[in-house]
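Everything on this sheet refers to the single structure shown next.
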Amino acid sequence: MKKLTRAPNLITAHHWVNVLVTAGIGCELHNRYLSGAMGEIPAEQCAPEIWILDDRDEVLATGILERARSGPATNARGWRCQQCGEPLEAQFTVCWQCGTERDPLNDE
């Protein structure tokens with residue numbers, strides 16, 4: 001197990017964990033309840049941390065988080081849901097209309 005990164009806040013940390021788990025990378029969120037101890041404990045030690053279960057996933061996980069931080073490319077194309085036909089913007093990975101996941105092989 002290895003610490004991958006610290007997150008600026010708990011919401012971002014949960015998002016990053018979800019992104020990694022979706023990519024098949026086992027990870028854990030640490031320090032989720034330490035924000036209440038800030039002041040008694042130094043702030044940098046209270047930040048949420050993401051730890052990967054397998055050290056061999058570090059390079060892949062780091063790349064995935066870099067892409068998650070930057071969002072889709074400015075020229076990223078939208079997509080159409082294969083289930084209901086709803087047009088969606090590039091940043092969405094699930095159709096808001098019917099909940100179907102994006103299939104990158106069948107993008108418009």
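Per the UniProt record's numbering, the sequence shown runs over residues 1 to 108. Yeah, the Cβ is synthetic: ideal placement off N, Cα and C, and Gly gets one too. Quick caveat, the model's predicted, so the values are computed rather than measured.
* With 16 other Cβ atoms within 10 Å as the buried cut-off, status of leucine 20 -> What you label residue 20 is simply residue 20 of the sequence shown in a count that begins at 1. Answer is buried; the Cβ neighbour count reaches 16.
* Asked: Per DSSP, which one or two residues make a beta bridge with asparagine 6?
  -> Start at 1 with the first residue of the sequence shown, and residue 6 comes out as number 6. It should be pointed out that residue 6 corresponds to arginine in this sequence rather than to asparagine. In DSSP, arginine 6 forms a bridge with Glu49.
* Start and end residues, alpha helix (DSSP H) containing glutamate 58 -> Taking the first residue of the sequence shown as 1, we reach residue 58 at position 58. Glutamate 58 -> alpha helix (DSSP H) spans 58-70.
* What residues match up with proline 87 in a beta bridge as DSSP calls it? -> Indexing the sequence shown from 1 puts residue 87 at position 87. According to DSSP, which records beta bridges pairwise, proline 87 is partnered with Arg80.
* Asked: Given lysine 3, which residues of its chain have a CB within under 7 Å of its CB, disregarding the five upstream and five downstream residues?
  -> Looking up residue 3 in the sequence shown gives position 3. Answer for lysine 3: Glu49, Trp51, listed in chain order.
* Please name the residue or residues paired with histidine 30 in a DSSP beta bridge. => Taking the first residue of the sequence shown as 1, we reach residue 30 at position 30. DSSP, once it has assigned bridges, lists Glu49 as partnering histidine 30.
* glutamate 40 in three-state terms, based on DSSP -> As a position in the sequence shown, residue 40 is number 40, starting the count at 1. It is coil, neither helix nor strand.
* To do: Select from Pro87, Leu60, Trp16 the residue whose C-alpha is nearest the C-alpha of glycine 71.
  => Translated into the one-based positions of the sequence shown, residue 71 becomes position 71. Selected option, being the one with the closest Cα: Trp16.
* To do: Under the assumption that alanine 13 contacts leucine 29 (Cβ atoms under 8 Å), give the Cβ distance between them as a whole number of angstroms.
  => In the sequence shown, the residue the question calls residue 13 occupies position 13. In the sequence shown, the residue the question calls residue 29 occupies position 29. Alanine 13 to leucine 29, Cβ: 6 Å. Contact.
* **asparagine 75 to glycine 24 span [Cα, whole Å]** => For the purposes of this step, residue 75 is taken as residue 75 along the sequence shown, with counting starting at 1. For the purposes of this step, residue 24 is taken as residue 24 along the sequence shown, with counting starting at 1. Distance between the alpha carbons of asparagine 75 and glycine 24 is about 27 Å.
* **Neighbourhood of glutamine 83 by C-beta, 8 Å cutoff - its chain only, sequence neighbours within 5 removed** => Numbered from its first residue, the sequence shown carries residue 83 at position 83. If we look at glutamine 83 and ignore the five residues flanking it on each side, its Cβ neighbours are Cys95, Cys98, Thr100.
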